[in-house]
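Going by UniProt numbering, the sequence shown opens with residue 1, and the numbers climb by one from there.
Just so it is clear, CB atoms sit at the ideal spot from N, CA and C, and this is done for glycine as well.
Owing to the predicted nature of the structure, the values given are computational and were not obtained by experimental measurement.
Below is one structure; the comments refer to it alone.
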Amino acid sequence: MSPIALSASELKKRIEHKAFAYGVSSVVSTLLGEYVIELLRATSHPPLTPSYERLTSNQ
Numbered sequence: 001m002s003p004i005a006l007s008a009s010e011l012k013k014r015i016e017h018k019a020f021a022y023g024v025s026s027v028v029s030t031l032l033g034e035y036v037i038e039l040l041r042a043t044s045h046p047p048l049t050p051s052y053e054r055l056t057s058n059q
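And the structure:
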């Protein structure tokens, strides 16, 4: 599988759209997207900051 670079905002948007497509309410979809980004920021090394929000699968 090739590496994927995705901004945090694009990942959040994709999560929200996918959750909404599965019938999750728009409010819960938004909260889920925000939670995933917060979780990735808290666990990434080096931590993601507003100026560095690139997620890659080859880290």
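Let me know the secondary structure DSSP gives residue i once reduced to three states.
i	result
Val24	coil
Ser29	helix
His45	coil
Determine the burial state of residue i: buried for a count of at least 16 other Cβ atoms within 10 Å of its Cβ, exposed for fewer.
i	result
Glu38	exposed
Arg14	exposed
Counting only beta-carbon atoms, is residue i nearer than 8 angstroms to chain D?
i	result
Leu31	The structure shown contains no chain D; it is built from a single protein chain.
Of the choices the options, whose alpha-carbon is the least far from that of residue i?
i	options	result
Lys18	Leu40, His45 and Gly33	Gly33
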